[in-house]
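Protein chains in written order, with our numbering: chain A, 22 to 85; chain B, 3 to 307. Glycine is no exception: its CB is placed at the ideal position from the N, C-alpha and C atoms. Let me begin by presenting the structure, written as structure tokens, before commenting on it.
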């Protein structure tokens, strides 16, 4: 199962979904508000993950 | 699907289109778009001193990174940075260090002004005094005041900010909701209704770039250290409008672009309508004001009571 690091909440979870679109949908995250990194490389939402992948969901919203 | 231009692995899919771009094609697209905004709206003239307002966050560091590359390439304007330390514990103190490191590494002169030095109080202590007032509304007044005053003291010709398309769409809608069209007349890629030597014109090179594009640019250039949000951010009206617009954007891609494009069509009429309003000098501090005293002095008087 891919590992998902949620930067805003500072927590790490595992999910059975391998499509980023599905992962965001399940987590109720609006894709326009985040960027996704795998091994420190940005990836688009149509990428399918491998079971050992670790991804970071980084909010794009400015801190103020 | 690969990068539209070179078939490399893409890093982003652009909003409202099927276009995907790889790292180098995206950076080229981003910088070209910012440069086009500078040229189209004549944001920077030759030999000008541009002061970039920085906070150490991703938007302002992206702006500084972009302007620094441009100034090295063009060699026809001077660049320095101005940081306002509001005094927000566990937030600003951390981003200040990031800004300092960036400026040191890139040989950019960084000026720091603080609420404490300018007003005698930090934002944290002002918020403690007025717990029921939204921090952002007080902070915005003091921040704008100090940015203008300090950049004028630095003899800046322009004050550049990292405002992006999302910020502008939010401001337009917020002003609509509050029936504050006079404030909207001051918006646009360059701010202000008319030139006044007491105001340093503000320029927004990232005006047509989305927040997601700015975050992508920041990430690709190693400018995102870690995600950090202002302690008071969730209190603001902007926060609510931002969420509404993001929901709309997801359902109807291109919404934010349309808001800004429609607004730009009516902006010349708004500027014309409000250009006759006089700008006074605040009787307390001498800074520009729309009434007898400026908003910053009004707030400071309340704080001192």
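Within the segment 215 to 236 of chain B, the residues whose Cβ lies closer than 8 Å to some Cβ of chain A are 216, 217, 218, 221, 222, 226, 228, 229, 230, 231, 232, 234 and 235, listed in chain order. Contact between residue 97 (chain B) and residue 59 (chain B) holds: their C-beta atoms lie close to 6 Å from each other, under 8 Å.
The contact set of residue 14 (chain B) on chain A, defined by CB atoms closer than 9 Å, consists of 56, 63 and 65 in chain order.
With contacts defined as CB atoms closer than 8 Å, residue 52 (chain B) and residue 79 (chain B) qualify as a contacting pair. Residue state for residue 10 (chain B) is assigned as coil, using DSSP reduced to three classes.
Less than 8 Å divides the Cβ of residue 55 (chain B) from the Cβ of residue 162 (chain B). Using beta-carbon distances, residue 51 (chain A) counts as an interface residue toward chain B, with a partner under 8 Å. With its beta carbon at least 8 Å from every one in chain A, residue 87 (chain B) lies outside the interface. In this structure, DSSP gives residue 135 (chain B) a state outside helix and strand, which the three-state scheme calls coil. Along the segment 243 to 256 of chain B, the positions whose C-beta sits under 8 Å from a C-beta of chain A are 244, 248, 249, 251 and 252, read in chain order.
Residue 23 (chain B) sits in a strand when the DSSP states are folded into three classes. In the pairwise beta carbon analysis, the segment 163 to 174 of chain B is classified as touching the segment 257 to 270 of chain B: at least three pairs are separated by under 8 Å. Judged by their CB atoms, residue 72 (chain A) and residue 40 (chain A) are not nearer to each other than the 8 Å cut-off.
Annotation for residue 165 (chain B): no beta strand (DSSP E) segment contains it, and DSSP assigns it neither H nor E. For the options B:109, B:90, B:134 and B:133, the alpha carbon positioned closest to that of residue 117 (chain B) is the one of B:90.
Residue pairing of residue 113 (chain B) in beta bridges, as defined by DSSP: B:84.
Counting C-beta pairs closer than 8 Å gives three or more between the segment 279 to 299 of chain B and the segment 129 to 149 of chain B, which meets the contact rule. Among the residues of chain A, none has a CB under 7 Å from the CB of residue 10 (chain B); the nearest is roughly 11 Å distant.
Put simply, the backbone Cα of residue 124 (chain B) is about 21 Å away from that of residue 286 (chain B). Interface annotation, residue 3 (chain B): in contact with chain A, CB-CB separation under 8 Å.
DSSP, reduced to helix, strand and coil, places residue 215 (chain B) within a helical segment of the structure shown.
When only Cα atoms are considered, residue 155 (chain B) and residue 243 (chain B) end up about 35 Å apart. When secondary structure is reduced to three states using DSSP, residue 63 (chain A) falls in the strand class.
Residue 218 (chain B) places its beta carbon 8 Å or farther from that of residue 205 (chain B). Residue 120 (chain B) and residue 40 (chain B) have their C-alpha atoms some 32 Å from each other. Within chain A, the C-beta atoms nearer than 8 Å to that of residue 22 (chain B) come from 65, in chain order.
In its chain, beyond the 5 residues on either side, 194 and 195 have a beta carbon closer than 7 Å to the beta carbon of residue 188 (chain B).
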